[in-house]
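Reading through the structure tokens given below for one structure.
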Amino acid sequence: MTTSMYVGNLPFTSDSSSLQDLFSPFGEVLSARVMSDRETGRSRGFGFVEMASVDAKAAMASLNGQDHGGRQLRVNEAEKRPQRF
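Mapping of the sequence shown onto our numbering: residues -5 to 79, in sequence order.
Here it is as structure tokens:
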């Protein structure tokens, strides 16, 4: 079973590779994606990481509230997006 996590308040210099590196000490990162602005390509300051549930719990407990690049990270379980019609 896997868990998708929301990672907020990322430094605007973050990219998907650095996000994966941040979470990899806690276990295998299945996916890591920093969301970027469509027009500028610049990071929007948040992303999503998917890991095995047990690893994700450890990562959330350890990284939530930690300073990263001068910013206090917000890490929690991602909510499912409502379906659009």
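We put the beta carbon where it would ideally sit given N, CA and C, even for glycine.
Remember, it's a predicted structure, so these values are computed and weren't measured experimentally.
I'd like to confirm the pairing. Which residues does DSSP put opposite residue i in its beta bridges?
| i | result |
| --- | --- |
| serine -2 | Glu44 |
| serine 25 | Glu44 |
| glutamine 14 | In DSSP, glutamine 14 forms no bridge with anything. |
| asparagine 3 | DSSP output for asparagine 3 lists no bridge partner at all. |
| glutamine 77 | BP columns for glutamine 77 are empty, so no partner. |
Are the beta-carbon atoms belonging to residue i and residue j less than 7 Å from one another?
| i | j | result |
| --- | --- | --- |
| glycine 41 | valine 1 | yes |
| serine 91 | valine 28 | With the chain represented from -5 up to 79, any question about residue 91 goes unanswered, as that position is not in the structure. |
| methionine -1 | alanine 72 | yes |
| proline 5 | arginine 68 | no |
Quick one: what's got a C-beta closer than 6 Å to residue i's C-beta in the same chain, skipping five residues either side?
| i | result |
| --- | --- |
| aspartate 49 | Phe20 and Gly21 |
Sorted by chain position, which residues of the same chain lie with C-beta nearer than 7 Å to residue i's C-beta, five sequence neighbours on each side aside?
| i | result |
| --- | --- |
| serine 30 | Arg36, Ser37 and Arg38 |
| asparagine 58 | Leu67, Arg68, Val69 and Asn70 |
Buried or exposed: which applies to residue i, given that a residue is buried once 16 or more other Cβ atoms fall within 10 Å of its Cβ?
| i | result |
| --- | --- |
| methionine 54 | buried |
| phenylalanine 79 | exposed |
**Q.** Ordered list of beta strand (DSSP E) runs contained in the segment 30 to 59, each at least 3 residues
**A.** Listed in chain order, the complete beta strand (DSSP E) runs (minimum 3 residues) inside the segment 30 to 59 are 37 to 46.
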